[in-house]
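Remarks on the structure that follows.
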Amino acid sequence: MALADDGFDVGLAYASDRDSAEATAADVESRSVRAAVQRMDLADLPGSAGAVDEFARDLGGIGVLVSCPGSTAVECIQRAVRYMIAGGGGGRIVNVTTSSSGLGGLTGLLAAELARYSITVNSVVVPAVEPDFAAPGPDDGEVAAVASYLCAPAGMFVTGAAYIVDGTRIAMIPHSLTEAGSLRQPRRAGRIRSYTGRWAPTRWTR
């Protein structure tokens with residue numbers, strides 16, 4: 001609801017629960033902005049991108065895209081960018097992603113490519129769920145607050161950035177994962193060559 005509170009018309013995509021999407025749309029409209037609802041089948045790449053066309057038709061264009069991880073994210077971004085460029089007023093793309101998602105790396109590339117069109121591209125990184133990690137994750141409002149900032153006038157010069165909303169989870173590595181070795185990184189074994197001062201790796205170890 002953060003974007004609706006900021007005065008944005010909102011397009012809501014759903015996979016199967018249309019009733020919940022319609023209820024959310026009614027809540028959006030109660031804030032004196034428009035809402036549109038479209039089904040997005042993640043198994044249907046062209047159809048999912050086509051939902052972006054429907055949002056543009058129903059809401060009169062697209063200026064902001066908040067995208068979540070999934071196989072259709074790139075297609076939706078490509079389609080939304082067309083409308084942003086055609087509108088001539090720039091745009092905002094916010095990828096809500098996890099640290100393991102490829103969208104994180106894509107963010108920087110898109111930010112550099114789309115800067116000339118005044119389109120900013122940023123990521124909000126949320127923690128992936130680990131079964132052995134009891135620490136609570138961020139709630140929807142905390143993630144939405146960061147996305148709201150990136151879409152607001154105050155965030156117009158922020159692009160190519162990744163905002164980590166994980167409640168210090170990066171610093172708090174579960175002991176069980178460390179024991180399992182899943183977070184251990186390869187170490188380089190070698191020596192410094194005295195006559196060059198350069199590192200001479202001899203092998204990779206774990």
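Sequence positions in the sequence shown follow our numbering and run 1 to 206.
Glycine residues also receive a C-beta, built at the ideal position from the N, C-alpha and C atoms.
In the DSSP assignment, Thr120 falls outside any alpha helix (DSSP H) and lies within the beta strand (DSSP E) extending over 119 to 126.
Less than 8 Å divides the Cβ of Val33 from the Cβ of Ala4. DSSP places Val143 in the uninterrupted alpha helix (DSSP H) bounded by 140 to 151.
Taking the C-beta atoms as reference points, Ala25 is found nearer than 8 Å to Ala35.
A check of alpha carbon separations from Glu75 across Leu59, Cys151, Leu106, Ala115 identifies Leu106 as the nearest. It is roughly 24 Å from the alpha-carbon of Gly11 to the alpha-carbon of Ala161. Secondary structure at Ser16: coil, using DSSP grouped into helix, strand and coil.
Counting only residues of its own chain and dropping the five nearest sequence neighbours on each side, Val96 has a CB closer than 6 Å to the CB of Cys68, Val124. In this structure, the alpha-carbon of Asp6 lies about 18 Å from that of Gly90.
Closest in C-alpha terms to Ala43, from the list Thr72, Ser20, Arg82, comes Thr72. Boundaries for Arg92: no alpha helix (DSSP H) harbours it, while the beta strand (DSSP E) harbouring it runs 91 to 98, taken from the DSSP string. Looking only at Arg79, Val28, Met1, the smallest Cα-Cα distance to Ala51 is reached by Arg79.
Per the DSSP secondary-structure output, Ala36 pairs in a beta bridge with Gly11. The beta carbon of Asp27 is closer than 7 Å to those of Met1 in its chain, skipping five residues each way along the sequence. Beta-bridge pairing by DSSP links Leu59 to no other residue.
With fewer than 16 neighbouring CB atoms inside 10 Å of its own CB, Arg82 falls in the exposed class. Checking the DSSP bridge columns, you'll see Ala162 partnered with Ser123.
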